[in-house]
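Novice:
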Amino acid sequence: MTLRVCLFGTYDRKLHPRVANLHRALEAAGAEVIEVHEPAWPGRTEEKIQLARNPLAPRTLWRLAGAWFRLARAYRRAPPHDVVLVGYFGHLDVFLARLLAGRDKVVLDLMLSVYDTVALDRQAVDAHGVQARLARVLDRLAARQCRRALVDTTEHAAFFVDELGIPAAKLAAVPVGADDRHFVRSPVATPGARLRVLFFGTFVPLQGTTTVAAAIGLVADAPIDFTIVGRGQDRVDFDAQMPDRPGSRVIDWVDYADLPALIAEHDVVLGIFGATGKARRVIPNKVYQAAAVGRAVVTGDTPAARAALGDDAVLVAIGDAQALATALIDLAADRPRVAALSEAIGRRFDRRFGPTAIGPEVAALLAPDATLAWTPAPRWLMRLHLLRELLGRLDQGRPVVELGYGSGAVLELLSERGFRATGLDMSASAAVLARARVARLPAERRPDVLVGGFEQLDDLRGEAGALLMFEVLEHVEDDLGLLREIHTLLGADGRLILSVPAHQARFSRVDEMAGHFRRYDRFELTAKLRETGFEPEVFWCYGYPLANILMRIRRLMTADQGDAGRDELIERSAESGNMIPARRLVGALVSERTMLPFSLLQRLFLGTDLGDGYLVVARRLS
Numbered sequence: 003m004t005l006r007v008c009l010f011g012t013y014d015r016k017l018h019p020r021v022a023n024l025h026r027a028l029e030a031a032g033a034e035v036i037e038v039h040e041p042a043w044p045g046r047t048e049e050k051i052q053l054a055r056n057p058l059a060p061r062t063l064w065r066l067a068g069a070w071f072r073l074a075r076a077y078r079r080a081p082p083h084d085v086v087l088v089g090y091f092g093h094l095d096v097f098l099a100r101l102l103a104g105r106d107k108v109v110l111d112l113m114l115s116v117y118d119t120v121a122l123d124r125q126a127v128d129a130h131g132v133q134a135r136l137a138r139v140l141d142r143l144a145a146r147q148c149r150r151a152l153v154d155t156t157e158h159a160a161f162f163v164d165e166l167g168i169p170a171a172k173l174a175a176v177p178v179g180a181d182d183r184h185f186v187r188s189p190v191a192t193p194g195a196r197l198r199v200l201f202f203g204t205f206v207p208l209q210g211t212t213t214v215a216a217a218i219g220l221v222a223d224a225p226i227d228f229t230i231v232g233r234g235q236d237r238v239d240f241d242a243q244m245p246d247r248p249g250s251r252v253i254d255w256v257d258y259a260d261l262p263a264l265i266a267e268h269d270v271v272l273g274i275f276g277a278t279g280k281a282r283r284v285i286p287n288k289v290y291q292a293a294a295v296g297r298a299v300v301t302g303d304t305p306a307a308r309a310a311l312g313d314d315a316v317l318v319a320i321g322d323a324q325a326l327a328t329a330l331i332d333l334a335a336d337r338p339r340v341a342a343l344s345e346a347i348g349r350r351f352d353r354r355f356g357p358t359a360i361g362p363e364v365a366a367l368l369a370p371d372a373t374l375a376w377t378p379a380p381r382w383l384m385r386l387h388l389l390r391e392l393l394g395r396l397d398q399g400r401p402v403v404e405l406g407y408g409s410g411a412v413l414e415l416l417s418e419r420g421f422r423a424t425g426l427d428m429s430a431s432a433a434v435l436a437r438a439r440v441a442r443l444p445a446e447r448r449p450d451v452l453v454g455g456f457e458q459l460d461d462l463r464g465e466a467g468a469l470l471m472f473e474v475l476e477h478v479e480d481d482l483g484l485l486r487e488i489h490t491l492l493g494a495d496g497r498l499i500l501s502v503p504a505h506q507a508r509f510s511r512v513d514e515m516a517g518h519f520r521r522y523d524r525f526e527l528t529a530k531l532r533e534t535g536f537e538p539e540v541f542w543c544y545g546y547p548l549a550n551i552l553m554r555i556r557r558l559m560t561a562d563q564g565d566a567g568r569d570e571l572i573e574r575s576a577e578s579g580n581m582i583p584a585r586r587l588v589g590a591l592v593s594e595r596t597m598l599p600f601s602l603l604q605r606l607f608l609g610t611d612l613g614d615g616y617l618v619v620a621r622r623l624s
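Sequential numbering from 3 applies to the sequence shown in my numbering.
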């Protein structure tokens with residue numbers, strides 16, 4: 003069934019490309035987007051800051067009232083839709099959206115905090131004054147008007163939770179991304195005699211423009227030309243520090259339509275280098291835009307940048323002009339590295355930030371059923387009891403991957419145990435749950451939560467110390483192919499920890515409903531592991547007797563759904579982790595405490611073949 007989204011508000015697409023990016027991502031995911039839009043805030047960033055400083059000014063309220071009247075009239079004429087997405091900057095529009103559609107139908111692209119922007123980052127108002135307190139109240143009230151609020155990074159989600167008290171479960175991080183129809187991939191040009199470096203922005207404090215100016219003065223006679231584009235709060239200070247450098251230019255502004263061509267003319271694009279708290283939490287538009295075009299990126303080394311960009315960008319200490327200058331001098335002397343970085347950041351954009359990458363996730367976040375809470379099943383908790391013991395066999399100094407992370411609970415456990423964890427799942431709705439779960443973890447320990455195919459893990463190929471996958475292999479038609487892929491991902495002596503449903507003779511309509519292609523017998527699973535280069539070290543049959551009893555009850559309660567074709571099995575597999583019968587009853591009765599007696603009892607039978615599932619640790623052979 004096609005998701006129908008009403009894109010609603012007084013947003014400015016040119017000033018905030020985030021709106022167009024979400025629109026494009028939704029269309030890429032197959033959603034139908036209906037736009038109900040009425041512009042209300044002409045002008046550039048300076049005018050928007052004046053609005054944020056005093057959103058209740060009479061002139062502001064009068065202009066907003068007129069725009070809202072026209073919006074409400076247009077909304078009443080809109081065709082039926084499933085959800086209302088309030089575009090950024092929608093902190094005020096969301097109140098009207100709730101009035102028209104009801105809170106449960108509204109999702110707000112909250113994106114950034116007004117309080118953080120005007121009081122902490124730009125220091126336009128006293129952080130302890132009335133205006134700052136009003137901005138905090140606006141942030142909180144805006145979040146209360148909607149079912150879900152989107153932000154741009156998990157670091158920002160943590161800020162909203164810790165600083166403003168907004169519930170983590172209400173927030174979800176969606177990268178800003180870029181519209182790949184506008185920012186089109188451009189072949190890397192043949193290196194010229196001089197490195198061409200571009201910086202563009204609105205000259206606000208988080209961009210660190212004075213650091214850029216100081217760095218330009220430190221590159222001395224290196225063969226580098228700079229193009230600087232923009233104006234704003236810190237432009238006067240930038241001009242005072244910018245050296246008169248032959249071959250370099252400063253331009254007040256470039257039209258958005260001309261920006262892709264300007265990026266393509268350069269070899270390197272500079273990100274942000276400010277030392278503000280907000281600078282540590284954001285990935286700016288221009289980084290995604292440069293990645294979409296395929297140009298090397300140099301930006302500040304922040305938790306958000308490390309999580310999003312990894313080794314595919316050059317990260318330098320924020321506020322450190324010498325570090326920035328040194329990085330640019332090194333790139334000017336190593337043009338093959340510039341070309342390699344351009345290719346790498348382009349591939350990362352396609353995998354993680356492009357419309358086709360984030361579209362399914364956005365669609366899942368907006369879908370009416372995306373807010374279902376995750377309920378752990380008894381069998382899951384019994385397996386978790388055993389997994390805690392098995393994690394002691396893994397090397398904490400090497401990356402760990404979980405394939406099919408579901409709710410993200412195991413990713414959270416891995417982070418608590420000190421592992422560098424990455425999760426990959428084909429279900430966008432699983433990503434919603436997992437990202438909400440890990441949002442409160444410290445940035446340096448927060449797992450990467452990825453959505454998509456196995457190619458998302460190319461950066462870890464040959465390096466991972468362990469791969470975990472629980473109730474995944476039975477969903478894959480070519481299970482041998484997946485095991486071979488895992489073998490290439492793991493490094494020397496890497497460990498595979500997996501669980502599968504046991505005993506093919508017990509295959510039933512419950513398995514079909516979950517999207518299973520098969521259950522496994524002990525000898526078959528052992529043979530497939532050895533065939534693909536693994537040697538089992540631990541082979542437990544777990545869950546007896548409780549899991550067996552519950553499965554029998556579930557079979558009796560499950561109606562026959564008919565024969566499922568291949569495509570239907572794959573579709574069922576994507577969401578099988580959320581298929582919990584009698585969810586409310588299970589949630590009320592099942593916890594680690596109530597399951598503890600059964601978790602201990604199953605240990606008496608791990609060496610038998612009585613249980614309903616296998617839990618295996620296998621070592622990768624050379």
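Yeah, the Cβ is synthetic: ideal placement off N, Cα and C, and Gly gets one too.
Note the first and the last residue of the continuous alpha helix (DSSP H) segment covering Trp382.
Specialist: Here the alpha helix (DSSP H) through Trp382 covers 380 to 392.
Novice: Ignoring anything shorter than 3 residues, give me the beta strand (DSSP E) runs that lie fully in the stretch 262 to 300, in order along the chain.
Specialist: Qualifying beta strand (DSSP E) stretches, in chain order: 270 to 272.
Novice: With distances taken from CA atoms, which of Val221, Val271, Glu418 is nearest Gln209?
Specialist: Of the listed residues, the one whose Cα sits closest to Gln209 is Val271.
Novice: Just to confirm my understanding: we take Arg65, look at its own chain, exclude 5 residues before and 5 after, and list those with CB closer than 7 angstroms. What are they?
Specialist: So the qualifying residues of the chain are Ala42.
Novice: With which residues is Glu39 paired in a DSSP beta bridge?
Specialist: Reading off the sequence, residue 39 comes out as His, not Glu. Per DSSP, Gly11.
Novice: How close, in whole Å, do the beta carbons of Thr4 and Ala33 come, if the pair is a contact with beta carbons under 8 angstroms?
Specialist: Right, the Cβ-Cβ distance comes to about 7 angstroms (below 8 angstroms), so this counts as a contact.
Novice: Which residues mark the beginning and the end of the alpha helix (DSSP H) in which Phe162 is found?
Specialist: Note, Phe162: alpha helix (DSSP H), 156 to 166.
Novice: Please check the pair Pro284 and Val299, which I expect to be a contact at CB under 8 angstroms, by giving their CB distance rounded to whole angstroms.
Specialist: Here residue 284 is Val; the residue named in the question, Pro, does not match the sequence. So it is not a contact: roughly 14 angstroms between Cβ atoms.
Novice: Do Val402 and Arg381 have their beta-carbon atoms positioned less than 8 angstroms apart in this structure?
Specialist: Cβ distance not < 8 angstroms, so Arg381 and Val402 don't count as in contact.
Novice: Between Ile218 and Phe228, which are expected to be in contact by the criterion C-beta below 8 angstroms, what is the C-beta distance as a whole number of angstroms?
Specialist: With a Cβ gap of about 6 angstroms, Ile218 and Phe228 count as contacting.
Novice: Does DSSP classify Ile253 as helix, strand or coil?
Specialist: In this structure, Ile253 counts as strand in the three-state DSSP scheme.
Novice: What residue from Leu114, Met113, Asp84 has the CA that sits closest to Arg105's CA?
Specialist: Here the closest residue by C-alpha is Asp84.
Novice: Give me, in chain order, the residues of the same chain whose beta-carbon lies closer than 7 angstroms to that of Leu112; leave out the 5 immediate sequence neighbours on both sides.
Specialist: Closer than 7 angstroms at the Cβ level, and outside the excluded window around Leu112, lie Ala144, Ala145, Ala151, Leu152, Val153.
Novice: Check Gln563 in the structure and name its three-state DSSP category.
Specialist: At Gln563, the pLDDT of 47 sits below 50, so the modelled position is not reliable; the number obtained from the coordinates is stated separately. Coil, per DSSP.
Novice: With DSSP run on the structure shown, which of helix, strand or coil describes Phe201?
Specialist: Reduced to three states, the DSSP call for Phe201 is strand.
Novice: What number of angstroms, rounded off, separates the C-alpha of Ala335 from the C-alpha of Arg135?
Specialist: Taking the straight line joining both Cα atoms gives about 50 angstroms.
Novice: By the 10 Å Cβ neighbour count, where 16 or more other Cβ atoms means buried, how is Pro82 classified, buried or exposed?
Specialist: Exposed is the call here.
Novice: Where does the unbroken alpha helix (DSSP H) through Val451 begin, and where does it stop?
Specialist: Where Val451 is concerned, there is no enclosing alpha helix (DSSP H), although the beta strand (DSSP E) it sits in stretches over 450 to 453.
Novice: Which residue from Leu173, Arg247, Ala180, Val231 puts its Cα closest to that of Arg149?
Specialist: The candidate whose alpha carbon is nearest that of Arg149 is Leu173.
Novice: Count the other CB atoms within 10 Å of the CB of Leu17; is the residue buried (16 or more) or exposed (fewer)?
Specialist: The residue in question, Leu17, is buried, as its Cβ has 16 or more Cβ neighbours within 10 Å.
Novice: Tell me the rounded alpha-carbon separation between Gly535 and Arg142.
Specialist: Each residue's alpha carbon lies about 53 angstroms from the other.
Novice: What is the DSSP secondary structure of Phe1, reduced to helix, strand or coil?
Specialist: No answer is possible for residue 1: it lies beyond the span of the chain, which begins at 3 and ends at 624.
Novice: Comparing C-alpha positions only, which one of Glu465, Ala507, Ala346 sits nearest to Leu492?
Specialist: Among Glu465, Ala507, Ala346, the Cα nearest to that of Leu492 is on Glu465.
Novice: Look at the alpha carbon of Leu606 and the alpha carbon of Leu617, and state the distance between them as a whole number of angstroms.
Specialist: If you take the alpha carbons of Leu606 and Leu617, they lie about 15 angstroms apart.
Novice: Indicate the three-state DSSP secondary structure (helix, strand or coil) for Thr424 in the structure shown.
Specialist: Thr424: strand per DSSP, three-state reduction.
Novice: Smallest Cα separation from Glu165: which of Val116, Arg187, Pro193?
Specialist: Considering only alpha carbons, the answer is Val116.
Novice: Report the rounded CA-to-CA distance for Ser578 versus Pro378, giving the unit in angstroms.
Specialist: Bear in mind that the predicted position of Ser578 carries a pLDDT of just 45, short of 50, making it unreliable; the figure below should be weighed with that in mind. When rounded, the distance between both Cα atoms is 13 angstroms.
Novice: Using CA coordinates, which residue listed in Gly232, Ala76, Leu102, Ala170 is at the minimum distance from Arg437?
Specialist: It is Ala170.
Novice: The alpha helix (DSSP H) spanning Asp481 covers which residue range?
Specialist: Counting along the chain, the alpha helix (DSSP H) containing Asp481 begins and ends at 481 to 491.
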